[in-house]
Amino acid sequence: EDKVVQSPLSLVVHEGDTVTLNCSYEVTNFRSLLWYKQEKKAPTFLFMLTSSGIEKKSGRLSSILDKKELFSILNITATQTGDSAIYLCAVASRNFNKFYFGSGTKLNVKP
Amino acid sequence: GAVVSQHPSWVICKSGTSVKIECRSLDFQATTMFWYRQFPKQSLMLMATSNEGSKATYEQGVEKDKFLINHASLTLSTLTVTSAHPEDSSFYICSARSGGSPSSEQFFGPGTRLTVL
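Line by line, the protein sequences are chains A and B.
Heads up, the first sequence is in the working numbering, so the first residue is 1 and it goes up one at a time.
Heads up, the second sequence is in the working numbering, so the first residue is 112 and it goes up one at a time.
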């Protein structure tokens, strides 16, 4: 059965901390792994990872994919209260016509 | 960035009635739209994929006669929940993909909260 598992389910940190969010997957016909940030309603796109070992970076956020071990991590450095959200990991398969989502990691950054 | 809207944002209906949810891409043409449902504290579950002008592709376990999807134009897809029951109460989110490449980014709508009494 295809599945995407995220850990931890929730995380509470203080401003300035660095966090690492995990996503492991077992999906046939893997195409890419995507990270989204969901604050109140609509998820917003963060990264799409297709190749193993190549880090993608955007400001304080970075992510990398390991296709051999079937996982990805999302790092957030120097966290801010505005980073508080649910972070979703999704895997695209079937030529991007099927997406499997993890249950998300709820991040709470306290001042 | 590209904007996707949904209407209504929330709806309450009686059991047995039908509800239509609209998903619009406001500033781009969406060749493919996806419909998801999300239960509290659970992940997004893909219900169906719709391509403009053709029949939707439903995921296993999703009743196509109950969840009618129409993608009549490049900017509009609708999801109709027919004969709604309380167990259909959920958060329904659509996403739209622009561009001809399957790996083009998909943009999510704000979602519709459906409550069936």
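Here a beta-carbon is modelled for each residue, glycine too, at the ideal position from N, C-alpha and C.
Proximal residues to residue i (C-beta, below 8 Å), its chain only, five neighbours per side dropped
| i | result |
| --- | --- |
| B:F178 | W146, M158, A159, Y169, L190, T191, V192, T193 |
| B:V54 | Outside the displayed span of chain B (112 to 228) sits residue 54 of chain B, for which this structure offers no information. |
| B:A209 | It is Ser, not Ala, that sits at residue 209 of chain B in the sequence shown. Within the same chain, B:S209 has close Cβ partners A113, S136, F139, Q140, A141, T142, S215, E216, F218. |
| A:L11 | V19, L21, T105, K106, L107, N108 |
| A:V27 | D2, K3, V4, V91, S93, Y100 |
Cβ neighbours of residue i in the same chain (closer than 6 Å, five flanking residues each side left out)
| i | result |
| --- | --- |
| A:A90 | L34, F99, F101 |
| A:E55 | S62, I64 |
Below-8 Å beta-carbon distance, residue i vs any chain A residue
| i | result |
| --- | --- |
| B:F219 | yes |
| B:T226 | no |
| B:I204 | yes |
| B:T160 | yes |
| B:G164 | no |
Residue i at chain B interface by Cβ criterion, 8 Å
| i | result |
| --- | --- |
| A:K98 | yes |
| A:A78 | no |
| A:F71 | no |
| A:G59 | no |
| A:K41 | yes |
| A:S32 | yes |
| A:F47 | no |
| A:S103 | yes |
| A:N22 | no |
| A:N29 | no |
| A:N95 | yes |
Any non-hydrogen atom of the ligand ATP closer than 7 Å to residue i Cβ
| i | result |
| --- | --- |
| A:S58 | No copy of the ligand ATP occurs in the structure displayed, which carries no ligand at all. |
Own chain partners of residue i with C-beta closer than 7 Å, once the 5 adjacent residues on each side are dropped
| i | result |
| --- | --- |
| A:R94 | N29 |
| A:A85 | K37, Q38, E39, L107 |
| B:E163 | T142, H182, S184, L185 |
Under 8 Å between C-beta atoms of residue i and residue j
| i | j | result |
| --- | --- | --- |
| B:C124 | B:C205 | no |
| A:T77 | A:V13 | no |
Segments of 3+ residues assigned as beta strand (DSSP E) that fall wholly inside the segment 140–216 of chain B: 141–149, 155–162, 178–184, 187–192, 201–209
Should the segment 211–228 of chain B be regarded as contacting the segment 195–203 of chain B, the criterion being three or more beta carbon pairs within less than 8 Å? yes
Would you call the segment 1–8 of chain A in contact with the segment 16–34 of chain A, where contact means no fewer than 3 C-beta pairs closer than 8 Å? yes
At 3 residues or longer, and completely inside the segment 1–81 of chain A: list those beta strand (DSSP E) runs for me, N to C. 3–7, 10–14, 19–26, 30–38, 43–49, 56–58, 61–66, 71–76
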